[in-house]
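Step one of this worksheet: look at the structure below.
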Amino acid sequence: MSFKEKIDINRLPRHIAVIMDGNGRWAKEKGKLRVFGHQNGVKAVRDTVEAAAELGVEYLTLYAFSTENWNRPALEVTALMELLVATINKETKTLMENNVRLNAFGDLKSLPSKCYKELMEAIDKTRNNKGLTLNLALSYSARWELIQMAQKLAQQVENKELASTDISEDVVSSLLCTAGMPDPELLIRTSGEYRVSNFLLWQIAYSELYFTDIFWPDFRREQLYEAIANYQGRERRFGKTSEQVI
Ligand code: IPE
Ligand code: IPE
Ligand code: MG
């Protein structure tokens, strides 16, 4: 039985987040440069997006470039940005075919202007699509996001638009990059690393974490199905006892 057949379509996670990791090691294993790994990571992105859209997942958030990734060698950063431009350009058609609405969050203004422009164009082109929402986390880190949120909160309190006693979980959530979206029920990280690397710290408070040894360029729909089936086999208790939730 394939993993897809094991999936209960009525209990799909509404939001899946992915830390796409292992491109460099995948390439190194093949005696190639790291950028070759990034190039091949695009195939994994395409297959994962298509599969998530087909299943009926509502939100897919892909960690594509972290705030910390700016500290990589300039050559790799440039190659990644060029790849991003080329990919957005090429893949807009695939997004349209799959009814996918593109969205991006992070410190987007720090991206090279060409990158930013391509991104905004693709977001605009896909804005009326009603299927999967694909979030690209770009130049993103959760601490950056939380600081933005705190600054907005402070501003609202300063302007007397909000009383400090009115600050609630809902107010905080509404000021994050994922405002209006459900928190991810499932967080996937590839490449055998067991950490969250500054990704969605607020939103993953109760996410189910799924780690796989596979390097990102080898990740395909079958691995997504496997992760979802694994998620569906878990009991989510949210602090309650097992007897309370069954
Ligand atoms: C993930 O793969 C892609 C990005 C972080 C941009 P890596 O480039 O981190 O690959 P490894 O972890 O070094 O193998
Ligand atoms: C996390 O991967 C960031 C992205 C996948 C974009 P990294 O490879 O940068 O994370 P660390 O450095 O291993 O924690
Ligand atoms: Mg890595």
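The numbering of the sequence shown is this note's numbering, which starts it at 31 and goes up by one.
In this text, a Cβ means the ideal position worked out from N, Cα and C, and glycines have one as well.
Below 7 Å, is the gap between the Cβ of residue i and the nearest heavy atom of ligand 2?
| i | result |
| --- | --- |
| R225 | yes |
| M150 | no |
| N128 | no |
| F241 | no |
| F249 | no |
| N99 | yes |
| A94 | yes |
Which of the three DSSP states is assigned to residue i in this structure?
| i | result |
| --- | --- |
| N271 | First, the amino acid is wrong: residue 271 is Thr here, not Asn. T271: coil per DSSP, three-state reduction. |
| R225 | coil |
| S96 | strand |
| L113 | helix |
| L166 | strand |
| T91 | strand |
| V308 | Coverage of the chain is limited to positions 31 through 276, which leaves residue 308 absent and any answer about it impossible. |
| A47 | strand |
| F33 | helix |
| G71 | helix |
| Y195 | A small correction: the amino acid at residue 195 is Thr; Tyr does not occupy that position in the sequence shown. Three-state DSSP puts T195 in a helix. |
| E260 | Note that residue 260 is Asn in the sequence shown, not Glu. If DSSP states are grouped into helix, strand and coil, N260 belongs with the helices. |
| G328 | Summary: the structure shown does not reach residue 328, with the chain confined to residues 31 through 276, and so no result is reported for it. |
| E106 | helix |
| E84 | helix |
| N119 | helix |
For residue i, verify whether its CB is less than 7 Å away from any heavy atom of ligand 3.
| i | result |
| --- | --- |
| G136 | no |
| D51 | yes |
| G71 | no |
For ligand 1, is there a heavy atom less than 7 Å away from the beta-carbon of residue i?
| i | result |
| --- | --- |
| G54 | yes |
| S221 | yes |
| N228 | no |
| L110 | yes |
| W174 | no |
| W30 | With the chain running from 31 to 276 in the structure shown, residue 30 is simply not present. |
Would you say residue i touches ligand 5, meaning its beta carbon is less than 7 Å from a heavy atom?
| i | result |
| --- | --- |
| R64 | Ligand 5 is not among the ligands present in this structure, which contains only ligand 1, ligand 2 and ligand 3. |
Give the DSSP bridge partners of residue i, in chain order.
| i | result |
| --- | --- |
| F241 | R219 |
| F135 | A167 |
Shorter than 8 Å from the beta carbon of residue i to some beta carbon of chain B?
| i | result |
| --- | --- |
| D77 | In the structure shown, chain B does not exist; there is a single protein chain. |
Inter-stretch contact (C-beta, 8 Å, three-pair minimum) for the stretch 178–186 and the stretch 110–118: no
Are the stretch 195–203 and the stretch 259–268 touching by the rule of at least three beta carbon pairs closer than 8 Å? no
Just checking, does the stretch 57–70 make contact with the stretch 232–241 on the three C-beta pairs under 8 Å criterion? no
Determine, using beta-carbon pairs with one atom in the stretch 91–98 and one in the stretch 119–129, whether at least three such pairs fall under 8 Å. no
For the structure I just gave you, are there three or more beta carbon pairs, one from the stretch 58–77 and one from the stretch 135–152, closer than 8 Å? no
Would you be able to state if there are at least three C-beta pairs under 8 Å between the stretch 128–142 and the stretch 34–53? no
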